[in-house]
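Student:
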Amino acid sequence: MLSPNYYLSLFCINYSLSLLLLCSVMKPAMEKKQSLCGFLSLLIIHLAIETSAAGTPTLQQLNRGFRASFDQSAGSFQPLLSDPTGIFSFGFLQINSSNLDLAVIHLPSNQPVWRALPGRPAKRSGSAFLSFNGSLVFSDQNSGVLWSTPATAGDRVVLLNSSNLQIIKAAGPIDVLWQSFDFPSDTIVQDQNFTSNASLFSANQRYSMRLGSNYLALFMEFGRGVEEPMYWKRTALEAKNQIVAGEGPIYAQLSPLGFLGLYQKENAPVDELSFDSFARGITGFRRLTLEADGNLRAYYWNGTIWVSDYKVISELCELPSACGAYGLCSAEEKRCGCIDNRSHGCLAADAGDLCGSGNDDFWVLRRKGVDLANKEVLGFVKVESLKECERLCKRNCSCWGAVYNNASGYCYEMDYPIQTLLEVGDENKIGFFKVRITGNHGGRGGGGGGDKVRKAAEALVVVGVLAAVTLAGVAIYRLWRARRKTGERADGSMVEGLAPGPYRNLNSSSFRSIEMSDSFRK
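Just add 64 to the spot in the sequence shown (first one is 1) and you have our numbering.
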């Protein structure tokens with residue numbers, strides 16, 4: 065079935081051609097009218113082309129029995145369902161040259177405001193399809209079901225002008241069985257409630273946003289059993305309203321007025337994060353997105369572009385991985401480096417922990433003048449010395465490193481793979497970091513010192529010393545045997561002809577200078 069836009073575009077084109085024909089037969093005295101006719105005709109042709117370009121057949125609702133296959137010739141987005149205003153559309157979104165997802169798109173900007181995010185990657189192929197028979201099911205003929213909604217008794221799917229995708233039951237009073245607003249991906253939009261049951265995940269799945277009992281926070285995501293470390297936190301100030309215990313969890317809502325409010329009930333907020341455009345009468349559509357660098361940014365649509373008017377982290381070096389794994393960020397010089405001073409790429413990123421068999425093959429990199437950007441939200445213990453701080457981490461196989469403040473005695477342990485550190489001028493702040501050899505194909509770099517590498521070197525020294533002592537003993541024994549045969553006195557007694565030199569050499573300064581340091585073990 066062809067959409068109304070298709071017929072409208074045909075009408076516009078036919079009308080403009082008729083108008084051009086009429087103008088061409090007009091008398092020369094009508095030059096001004098001809099100019100007007102030409103202008104109107106070009107305008108109508110332009111509108112027809114625009115209408116035709118946006119005229120991919122889309123529906124206003126999906127009913128039971130709906131099924132649509134992915135069209136590989138559809139471009140980056142294949143619309144299947146439109147909201148009443150034509151501003152938002154739901155359909156197949158091509159993520160890259162090989163993957164596919166379901167998404168709600170802001171059409172004027174082609175910006176996704178919601179994605180399904182299947183548990184398994186959906187391959188970009190003609191075998192992918194979407195069906196609705198009470199629940200939305202995204203499948204592939206080769207891989208089976210990739211994603212589905214829990215609702216199974218829905219009558220139709222609609223897309224509201226707020227960008228909210230809903231499955232509703234139409235019998236009797238309309239009942240919303242499922243909605244995309246309850247399952248955001250990396251974005252929330254204006255008037256959308258973000259609850260304590262939901263999480264935002266950046267598009268690369270490396271960062272998340274969640275609500276606590278009285279705060280909003282951002283976390284790093286490492287998977288594989290690593291507890292998510294917090295790197296930004298906003299505790300409710302409770303200036304206009306108080307959080308009442310037992311009255312339910314808090315939720316967040318993005319206001320069209322230009323602020324993110326934290327609420328417990330539908331009255332005054334318990335906290336507000338005001339944007340640059342707050343109370344300035346801006347009416348553009350708003351969104352709040354957790355981006356791939358870990359920053360949370362607010363935008364409004366001005367009719368042409370998205371304008372950023374807020375970000376929770378203002379300094380580049382305060383982002384969790386601004387310079388990558390084992391990176392070093394200088395806020396003063398606005399540059400990135402590496403903890404071990406290498407100039408051609410830092411040590412490779414790692415994952416998981418150092419627990420279990422075969423996971424203790426690592427060495428330690430130390431560096432003075434470093435600090436943690438997220439130390440304000442990271443736990444610490446007060447210890448007496450750097451050695452004690454190191455010992456705490458050495459005994460903990462979940463610990464990847466620590467930063468010790470020699471002035472305060474605070475020891476900040478990092479129970480997650482090392483990310484970017486801050487470069488500071490205070491050498492009282494000392495960091496040491498574990499580097500897994502098997503997980504870092506780059507091996508040991510310059511500028512540090514590693515206990516594992518040192519241990520290997522010490523072992524070689526020990527072997528060398530033992531070999532020298534053994535050879536000396538063999539030589540002495542042979543000399544003793546020779547002198548025993550020829551060194552008899554006149555009275556027949558035997559003289560032991562051991563030369564004292566080798567024994568003095570074993571006690572010489574060169575041997576005494578070899579010291580074995582403690583090896584690094586958990």
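Here a beta-carbon is modelled for each residue, glycine too, at the ideal position from N, C-alpha and C.
1. In terms of residue numbering, what span does the alpha helix (DSSP H) encompassing Arg455 cover?
2. Could you compute how far the alpha carbon of Ser162 sits from the alpha carbon of Asp204?
3. For the stretch 488-503 against the stretch 465-476, are there 3 or more C-beta pairs whose distance is under 8 Å?
4. Indicate the three-state DSSP secondary structure (helix, strand or coil) for Phe323 in the structure shown.
5. For Gln256, which residues in the same chain have their Cβ closer than 6 Å to its Cβ, ignoring the five residues on either side in sequence?
6. For Thr251, which residues from the same chain have a beta carbon less than 8 Å from its beta carbon, with the 5 sequence-adjacent residues on both sides left out?
7. Can you look up Phe342 in the DSSP assignment and give me helix, strand or coil?
8. So the candidates are Leu166, Met284, Ala262; which of them puts its Cα closest to the Cα of Tyr480?
9. Considering only the beta carbon of each residue, do Phe323 and Ala415 sit closer than 8 Å?
10. Taking the beta carbon of Pro237 as the centre, do at least 16 other beta carbons fall within 10 Å, making it buried, or is it exposed?
11. Over the uninterrupted beta strand (DSSP E) stretch that includes Leu145, give me the two end residues.
12. On a Cα-Cα basis, can you pick out the residue from Phe444, Ala343, Gly310, Leu224 that is closest to Gln328?
13. Three or more C-beta pairs closer than 8 Å, one from the stretch 441-449 and one from the stretch 332-351: is that the case here?
14. Would you mind reading off the limits of the beta strand (DSSP E) that contains Glu487?
15. Of the choices Pro172, Asp239, Ile314, Tyr364, whose alpha-carbon is the least far from that of Phe152?
16. According to DSSP, simplified to helix, strand and coil, what is Phe286?
17. Count the other CB atoms within 10 Å of the CB of Gln142; is the residue buried (16 or more) or exposed (fewer)?
18. Between the stretch 429-438 and the stretch 381-399, are three or more C-beta pairs nearer than 8 Å?
19. With a threshold of 7 Å on Cβ separation, who are the neighbours of Gly662 within its own chain once the five nearest residues in sequence on each side are excluded?
20. Residues in the same chain with beta-carbon distance under 6 Å from Pro384, minus the five sequence neighbours each way, listed in chain order, please.
21. In this structure, does DSSP put Cys463 in helix, strand or coil?
22. Could you check the C-alpha separation between Tyr279 and Thr299 for me, to the nearest Å?
23. Only counting the same chain, and skipping five residues up and downstream in sequence, which positions put a Cβ closer than 6 Å to that of Ser272?
24. Do you know how far the Cα of Arg455 is from the Cα of Arg548?
25. Please determine if the stretch 216-229 and the stretch 312-319 are in contact, where contact requires at least 3 C-beta pairs separated by less than 8 Å.
26. Identify, in the order they occur along the chain, each residue of the same chain with its Cβ nearer than 6 Å to the Cβ of Gln181, setting aside the five sequence neighbours on each side.
27. Just reading off the beta strand (DSSP E) that Ser153 is part of, what are its end residues?
28. On the CB-based measure, 16 or more other CB atoms within 10 Å of its CB, does Thr213 come out buried or exposed?
Tutor: The structure says:
1. Walking along the sequence shown from the start, residue 455 turns up at place 391. Residues 450-458.
2. Along the sequence shown, one-based indexing puts residue 162 at 98. Along the sequence shown, one-based indexing puts residue 204 at 140. Looking at the two C-alpha atoms, the distance is approximately 14 Å.
3. Yes: at least three Cβ pairs fall under 8 Å.
4. Counting from 1 along the sequence shown, the entry for residue 323 is found at position 259. Three-state result, Phe323: strand.
5. By one-based count along the sequence shown, residue 256 stands at place 192. Excluding residues within five positions, the ones whose Cβ falls inside 6 Å are Phe245.
6. Walking along the sequence shown from the start, residue 251 turns up at place 187. Only Pro176, Val177, Trp178, Leu264, Arg351, Leu352, Thr353, Leu354 meet the Cβ criterion.
7. As a working mapping, residue 342 is identified with position 278 in the sequence shown. Coil at Phe342, not helix or strand.
8. Taking the first residue of the sequence shown as 1, we reach residue 480 at position 416. Minimum Cα distance to Tyr480 is reached at Met284.
9. By one-based count along the sequence shown, residue 323 stands at place 259. By one-based count along the sequence shown, residue 415 stands at place 351. No; because the gap between Cβ atoms is not below 8 Å, this pair is not in contact.
10. As a working note, residue 237 is residue 173 in the sequence shown. Classification of Pro237: exposed, given that the 10 Å Cβ count is below 16.
11. Locating residue 145 in the sequence shown gives position 81, counting from the first residue. Leu145 -> beta strand (DSSP E) spans 141-146.
12. As a position in the sequence shown, residue 328 is number 264, starting the count at 1. When only C-alpha atoms are compared, the closest one is Gly310.
13. Verdict: no, contact absent.
14. What you label residue 487 is simply residue 423 of the sequence shown in a count that begins at 1. In the DSSP assignment, Glu487 falls within the beta strand (DSSP E) that extends over 485-487.
15. To locate residue 152, count along the sequence shown from 1; it is residue 88. Checked all of Pro172, Asp239, Ile314, Tyr364; the closest Cα to Phe152 is Pro172.
16. Stepping through the sequence shown from its first residue, residue 286 is reached at position 222. Looking at Phe286 - three-state DSSP - the assignment turns out to be coil, as it is neither helix nor strand.
17. Position 78 of the sequence shown holds residue 142. By the 16-neighbour rule on beta-carbons within 10 angstroms, Gln142 is buried.
18. As far as the Cβ criterion goes, the stretch 429-438 touches the stretch 381-399, which means the pair count is three or higher.
19. Since the first residue of the chain shown is 65 and the last is 586, residue 662 is not available in this structure.
20. Within the sequence shown, the letter at position 320 stands for residue 384. These residues qualify, in order along the chain: Met284, Tyr295, Gly358, Gln483.
21. As a first step, residue 463 is located in the sequence shown; it is residue number 399 there, counting from the start. If DSSP states are grouped into helix, strand and coil, Cys463 belongs with coil.
22. Locating residue 279 in the sequence shown gives position 215, where the first residue counts as 1. Locating residue 299 in the sequence shown gives position 235, where the first residue counts as 1. Taking the straight line from one Cα to the other gives about 4 Å.
23. Residue 272 sits at position 208 when you count from the first residue of the sequence shown. Ser263, Phe265, Phe283, Glu285.
24. On the sequence shown, position 484 is the one that residue 548 refers to. On the sequence shown, position 391 is the one that residue 455 refers to. Reliability fails at Arg548, whose pLDDT of 48 lies under 50, so the model's placement of it is uncertain and the value that follows must be treated cautiously. Taking the straight line joining both Cα atoms gives about 56 Å.
25. Here the stretch 216-229 does not lie against the stretch 312-319, with fewer than 3 beta-carbon pairs under 8 Å apart.
26. Looking up residue 181 in the sequence shown gives position 117. The amino acid at residue 181 is misidentified as Gln; the sequence shows Leu. Apart from the 5 residues on each side of it in sequence, Leu181 sits with its Cβ closer than 6 Å to the Cβ of Ser249 in its chain, given in chain order.
27. To locate residue 153, count along the sequence shown from 1; it is residue 89. Segment 152-158, the beta strand (DSSP E) holding Ser153.
28. As a first step, residue 213 is located in the sequence shown; it is residue number 149 there, counting from the start. By the 10 Å Cβ count, Thr213 comes out buried.
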